[in-house]
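Residue numbers (my numbering): 1192 to 1447.
Even glycine gets a Cβ: it sits at the ideal position worked out from N, Cα and C.
Note sheet for the following structure.
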DNA sequence: AGGCCGATCCTCT
DNA sequence: GAGGATCGGCCTA
């Protein structure tokens, strides 16, 4: 079965640059998983840049900080590939490699806006009873089932029973967070670490459907101890699917 | 060989 | 807002 993939593949040159420049430009691009039965896709709305040891600014939070090891070698390889690592024994996080081959630097994907395959994401995340068993979590959904998509948006268009708010909450729960988005798109280290995201044959791809984020909110990165003050987190301002605290100190910049 | 701890998520107070 | 789950990588002895 031939799965229809949205938009077009991003070019290699896009990632052949410093992570802190690639990161904001990545906002609005699509991360697409091809499955046996169709596509699962989300729009990138929150990212963080991690800098390689060659960089002028030392970044002790970066996995590449101490040089290449078997775990992080993909970061030192060619740009546009997936660096997937396991964290806290239960979750995976996904990065996209940047910089020319031989230099380190990558962008962590922290949140997506669900676009395609929401039912599959729901199951993958354990927000249905069957999925909960598969995902190995409790599986208490924000709402029992995702309300139907209408022409005007989610739910009925009115928010009579708080249905729109419930849908917001549900969408957030699907892909808002680096571990969550990997679970929703079935991303694992075993299957996806080192995959070329810019190859039409890959099961995981970064694509461009023409959406442009004109501005980005820049803040400190989340959940790190070292180099915690560097302004290397970028998100689409006020987007409902961004992870973390609702309001974070930062400044708005134009995306070149 | 052993210990520490993390670019997280979920649950309960 | 705090604590537990859970395990591989990396550092120290």
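Is residue i near residue j, with beta carbons less than 8 Å apart?
i: residue 1369; j: residue 1300; result: yes
i: residue 1286; j: residue 1374; result: no
i: residue 1271; j: residue 1216; result: no
i: residue 1255; j: residue 1269; result: no
i: residue 1372; j: residue 1303; result: yes
i: residue 1248; j: residue 1225; result: no
i: residue 1275; j: residue 1378; result: yes
i: residue 1395; j: residue 1389; result: no
i: residue 1265; j: residue 1385; result: yes
i: residue 1365; j: residue 1305; result: yes
i: residue 1363; j: residue 1221; result: no
i: residue 1508; j: residue 1426; result: With the chain represented from 1192 up to 1447, any question about residue 1508 goes unanswered, as that position is not in the structure.
i: residue 1446; j: residue 1367; result: no
i: residue 1232; j: residue 1197; result: yes
Should residue i go down as buried or exposed, given a rule of 16 or more other Cβ atoms within 10 Å for buried?
i: residue 1345; result: Any reading at residue 1345 must be qualified, since the residue scores a pLDDT of 47, below 50, and its modelled position is unreliable; the value itself is stated next. Burial call: buried.
i: residue 1261; result: exposed
i: residue 1313; result: buried
i: residue 1257; result: exposed
i: residue 1281; result: exposed
i: residue 1294; result: buried
i: residue 1201; result: buried
i: residue 1230; result: buried
i: residue 1322; result: buried
i: residue 1311; result: buried
i: residue 1214; result: buried
i: residue 1382; result: exposed
So residue i and residue j are supposed to be a Cβ contact under 8 Å. How far apart are they, rounded?
i: residue 1431; j: residue 1413; result: In fact, because the Cβ distance is near 17 Å, the residues do not count as touching under 8 Å.
i: residue 1423; j: residue 1277; result: That belief does not hold up - the Cβ atoms of residue 1423 and residue 1277 are roughly 22 Å apart, past 8 Å.
i: residue 1297; j: residue 1289; result: 6 Å
Which residues in the same chain as residue i place their Cβ atom closer than 6 Å to its Cβ, once the five residues preceding and following it in sequence are excluded?
i: residue 1291; result: 1207
i: residue 1332; result: A caution first: residue 1332 carries a pLDDT of 48, below 50, which makes its placement in the model unreliable, though a value can still be read off. Only 1318 meet the Cβ criterion.
i: residue 1444; result: 1407, 1409
i: residue 1252; result: 1415, 1417, 1418
Within a Cβ cutoff of 7 Å, which residues of the same chain sit near residue i, ignoring the five residues on either side of it in sequence?
i: residue 1219; result: 1234, 1235, 1402, 1403, 1404
i: residue 1410; result: 1422, 1424, 1439, 1440, 1441
i: residue 1428; result: 1406, 1408, 1443
i: residue 1199; result: 1398, 1399
i: residue 1420; result: 1411
i: residue 1393; result: 1386, 1387
i: residue 1340; result: Caution is warranted here: a pLDDT of 48 is assigned to residue 1340, below 50, making its placement in the model unreliable, and the coordinate value is therefore given only provisionally. Taken in chain order, the list of residues that qualify is empty.
i: residue 1391; result: 1200
Opposite residue i in the DSSP bridges: which residues?
i: residue 1233; result: 1222, 1305
i: residue 1425; result: 1238, 1409
i: residue 1296; result: 1242
i: residue 1283; result: 1277
i: residue 1442; result: 1409
i: residue 1395; result: 1224
i: residue 1362; result: In DSSP, residue 1362 forms no bridge with anything.
i: residue 1200; result: 1398
i: residue 1272; result: 1387
i: residue 1288; result: 1297
Are there any heavy atoms of the ligand HEM lying less than 7 Å away from the beta-carbon of residue i, as far as the coordinates show?
i: residue 1295; result: Absent from the structure shown: the ligand HEM. Ligands present: none.
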